[in-house]
Structure formats: C-alpha cells, structure tokens
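Asks:
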Amino acid sequence: MSPEVRAWLERALRTLVAFDKPLALFVFLLVCTGLVTLYSASIDVPSRVTDQVRNVLLTFALMWAIAHVPPQMLMRFSVPLYTFGMALLVAVAVVGLTRKGARRWLNVGVVIQPSELMKIATPMMLAWYYQLREGSTRWFDHLVGLLLVGLPVALIAKQPDLGTAMLVFAAGLYVVYFAGLSFKLILPVLLTIVIGVGAVVISEDRICQPDVTWPMMHDYQKHRVCTLLDPTSDPLGKGFHTIQAVIAIGSGGPHGKGWLQGTQAHLEFIPEKHTDFIFAVYSEEFGLVGGLLLLAMYLALVVRGLIVAARGTTLFGRLLAGSLAMTFFTYAFVNIGMVSGILPVVGVPLPFMSYGGTALVTLGIAVGLIMSVSNQRRSLQT
C-alpha cells in the first residue's frame with residue numbers, strides 16, 4: 001500500500017471515529033435506556049418509539065458533524081449566534097405565538113422555540129467573552145458576564161418559561177464561575193436562597209391562602225410551589241402529578257416490578273409519562289437499583305465532560321465544555337427532583353431519555369461541542 005493511500009485511510013479513519021469514545025458510550029447507554037423505557041411508557045402509542053429513533057439518529061448525526069468543527073471556528077459563531085438568539089427572543093415578545101397562556105413560539109414558516117437556542121448560545125457567548133479577556137479578567141468582567149446571562153433569562157422568564165430560564169441561567173453561571181468568580185461572592189446568594197426557601201416552608205399556611213398574591217409571580221407559579229409544599233392540598237389538580245409519580249417510584253421497591261410491568265404507567269396514573277415524568281416509569285419498573293445505575297451513568301457523563309474541559313487547550317474550550325457538562329447535571333437534578341416531589345414541576349426533560357426532538361437535539365449539540373474540544377486536544381497530540 002502506497003504512503004499516500006495509507007495517509008488517506010488514516011485521515012478517513014480519524015474522521016469516522018471523531019467521537020470522544022467514553023462520552024459517546026455514556027450518551028449511547030442513556031439513549032438506549034431511554035428507548036427501552038419509552039417503549040414501556042408508550043405501549044399504546046408505538047409510533048413514539050419510531051419517532052424517537054429518528055430523533056436519535058438526527059442527534060448523533062449533528063453530534064458527529066459538530067465534533068469536527070474546531071473550537072476556533074466555534075468562537076467565530078458565538079457572537080452572531082447569541083445576537084441572533086436575542087433578536088428571536090425579542091420577536092417572540094412582540095409577535096410570538098401564545099399557547100396555554102405562554103408566549104414562547106415564533107412562526108417563521110415553521111414554529112420554533114428560540115429559547116432552546118439560548119441554552120447553547122449563552123455559554124458560547126460567555127466563553128468567547130472570557131477568552132477575549134484572558135489574562136486580564138477583573139471584577140467588572142464578571143458583571144458583564146452576569147449581564148449577558150441576565151438578558152436572555154429575563155426575556156425567557158417573561159414568556160413565562162421558568163424551566164428554560166433556569167437552565168439558561170445555570171449554563172451561563174457555570175461559565176462565570178469557571179472563569180474565576182469567587183465562591184465568596186456566590187455563598188451569600190446561596191444563603192439568601194436557603195433562608196428564603198426556609199421562610200416559605202415555615203409560612204406555608206399563611207402565604208398559600210387563595211387571597212394572597214405573590215409579587216412577580218403568576219398564580220399558576222404560586223400554585224406549583226404551594227402544591228409542592230403540600231401535594232394533598234390539590235390531589236386531583238396540580239398535586240396529582242407529584243402524588244402519582246412518588247407512588248410509582250416508591251412502589252418499584254429495591255429491584256422494580258420488571259420491564260413492562262409498571263401498573264402506575266400502564267393504568268394511566270402517571271401524566272406526561274413519556275416526557276417529563278419518564279423517570280417515574282423507569283423507577284417503578286427497575287427500582288432503586290436501576291435508579292442508582294441511571295444516576296451513575298449521568299455522573300459518568302458529567303465527569304467525562306469535566307475531564308475534557310480540564311484538558312482543553314484554550315480558555316474558550318475549557319469554559320464551554322465545563323459549563324455544558326454541568327448543564328447535564330442541572331437537567332438531571334431538576335427533572336428527578338421534580339418527579340420525586342422535592343422541586344416544583346417546571347417542565348424540564350430527563351436528558352437523553354424523555355421523548356421529544358427539540359430537547360434531544362439541543363443536548364446532542366452540547367455533547368458535540370464538548371467532543372470538539374476533546375478532538376482539538378487529540379489533533380494537537382498527533
């Protein structure tokens with residue numbers, strides 16, 4: 001074999017295996033677990049599994065394509081992508097489509113939800129900004145960073161979509177923290193939140209009365225918090241989701257009832273069982289042991305992402321990979337927390353398991369960006 005042909009084959013092989021193998025393995029395991037659970041949750045609607053397989057194939061294709069884009073090129077897209085996303089959010093606020101009391105969508109020939117774009121665009125923009133200020137970061141730069149986070153979060157929360165706003169805020173805040181924001185400045189905020197939550201719990205009987213209005217919050221948001229504190233206050237309404245999900249998780253026991261044997265799901269007691277509450281279906285059928293294995297897979301995914309971030313060759317790559325890795329943690333923590341009844345129901349899907357194309361593609365793009373950072377390091381070593 002001639003040297004030219006050998007070199008071409010080596011380049012082709014590197015192109016085909018551009019995936020970061022450990023990261024790809026953890027995503028593959030989670031996707032397979034999700035499809036198995038979705039089959040059980042959608043036994044009466046088998047087309048959902050077919051649709052999700054199509055979404056998975058699209059996601060892996062995008063993941064593979066983005067993994068080939070060098071981080072230097074990603075930096076060039078950061079500002080235009082963030083600016084474009086902000087323009088779409090403003091357009092939603094002005095001429096967006098309203099469904100079920102929320103204005104979150106925009107009709108541009110097809111109906112899109114621009115807030116999903118900001119889950120990627122916001123950390124990219126912040127990583128670009130801190131790369132620009134590398135070596136000369138001051139306290140003022142962190143204020144600029146928080147402003148860049150706050151603008152999309154405010155527009156998304158106004159829609160209202162607190163779940164997505166929280167995810168965008170978390171993704172941006174991770175970048176600011178990894179860029180050097182002192183934990184001493186974060187600690188007072190955390191203490192304030194803890195004190196506030198404690199005050200709400202203690203004052204539940206008074207502040208959850210129907211005639212009490214909560215400032216800066218809609219009635220349905222107040223109802224969600226109050227139902228979280230006492231689901232039995234509305235067992236057939238807002239509390240129904242939480243009560244039935246907790247029953248399903250508890251009834252699974254240590255080893256679960258077995259695949260396709262979950263009664264809560266198959267008797268239609270679990271609402272949104274194929275999307276936001278798929279963890280309840282999984283826990284009922286695979287039990288505590290299965291739940292711990294699932295948590296181990298998410299932990300492995302996050303740890304691998306942080307390892308890639310720590311080994312990044314540029315500040316932009318390190319900040320972007322680190323923040324996106326921690327975003328997977330936020331997704332899983334919020335979803336499992338709300339299904340388990342320790343957090344309000346905010347409509348956050350379980351990563352790589354919940355049915356739906358938009359969230360799955362967004363998460364796949366995030367993994368592709370982390371792989372891009374990983375591939376850059378490998379290319380410099382060869």
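Residue numbering for the sequence shown follows full-length UniProt numbering, starting at 1 and increasing by one per position.
Ideal placement from N, C-alpha and C gives every residue a C-beta, glycine not left out.
Treat the numbers as computed from the prediction; the structure is a model and nothing was measured.
In the DSSP output, which residue or residues are listed as bridge partners for residue 448?
Replies: Outside the modelled stretch of the chain, which goes from 1 to 382, sits residue 448, for which no answer is possible.
Asks: Tell me which same chain residues have a C-beta within less than 6 Å of the C-beta of Lys273, skipping the five on either side of it?
Replies: So the qualifying residues of the chain are Ala41, Ala265, Val281.
Asks: For the stretch 174-184 against the stretch 134-144, are there 3 or more C-beta pairs whose distance is under 8 Å?
Replies: Enough Cβ pairs lie closer than 8 Å, so yes.
Asks: So the candidates are Leu299, Phe19, Ile156; which of them puts its Cα closest to the Cα of Met86?
Replies: Looking at the Cα atoms, Ile156 is the closest of the given residues.
Asks: In the DSSP output, what is Thr98 paired with across the bridge?
Replies: Its beta-bridge partners are Arg103.
Asks: Let me know if Glu284 comes out buried or exposed under the rule of 16 or more other beta-carbons within 10 Å of its beta-carbon.
Replies: The residue is buried, with at least 16 neighbouring Cβ atoms inside 10 Å.
Asks: In angstroms, rounded to a whole number, what distance separates the CA positions of Arg103 and Val149?
Replies: So the two alpha carbons sit approximately 20 Å from each other.
Asks: What is the C-beta distance between Gly337 and Thr59, in whole angstroms, given that I count them as a contact (C-beta under 8 Å)?
Replies: Actually they do not touch by this definition, with Cβ atoms about 25 Å apart.
Asks: Does DSSP put Pro22 in a helix, in a strand, or in coil?
Replies: Reduced to three states, the DSSP call for Pro22 is helix.
Asks: May I ask you to report which of helix, strand or coil DSSP gives Ala366?
Replies: In the structure shown, Ala366 sits in a helix (DSSP, three-state: H, G or I).
Asks: Ends of the alpha helix (DSSP H) at Tyr282?
Replies: Tyr282 -> alpha helix (DSSP H) spans 278-310.
Asks: What do you get for Thr330, buried or exposed, if any count of 16 or more other CB atoms within 10 angstroms of its CB means buried?
Replies: Its Cβ being crowded by 16 or more others within 10 Å, Thr330 is buried.
Asks: If you count every other CB in all the chains shown that lies within 10 Å of the CB of Ala12, and 16 or more means buried, which is it?
Replies: Residue placement at Ala12 is flagged as unreliable, the pLDDT there being 49, under the threshold of 50; a coordinate-derived value is accordingly withheld.
Asks: When you compare each of Cys226, Leu187, Pro160, Val189 to Ile202 by their alpha carbons, which one comes out closest?
Replies: For the residues Cys226, Leu187, Pro160, Val189, the minimum Cα distance to Ile202 belongs to Cys226.
Asks: Among the candidates Pro46, Val303, Ala248, Lys21, whose CA atom is the shortest distance from the CA of Tyr355?
Replies: The option with the nearest alpha carbon to Tyr355 is Pro46.
Asks: Considering only residues of the same chain and omitting the five flanking positions on each side of Leu62, which have a CB-CB separation below 7 Å?
Replies: If we look at Leu62 and ignore the five residues flanking it on each side, its Cβ neighbours are Val361, Gly364, Ile365, Gly368.
Asks: Taking 9 Å as the threshold (C-beta atoms), are Phe26 and Ala300 in contact?
Replies: It is a contact, given that the beta carbons lie within the stated cut-off.
Asks: Just to check my reading of the structure: Trp326 and Tyr174 have Cβ atoms closer than 8 Å, yes? What is that Cβ distance to the nearest angstrom?
Replies: Checking the displayed sequence, the identity of residue 326 turns out to be Met instead of Trp. Rounded, the Cβ-Cβ distance is 5 Å, consistent with contact.
Asks: CA-CA distance, Gly291 and Gln244?
Replies: Taking the straight line from one Cα to the other gives about 17 Å.
Asks: Measuring alpha carbon to alpha carbon, tell me which residue in Thr275, Ser251, Phe316, Ala309 is nearest residue 389.
Replies: The first residue shown for the chain is 1 and the last is 382, placing residue 389 beyond what the model contains.
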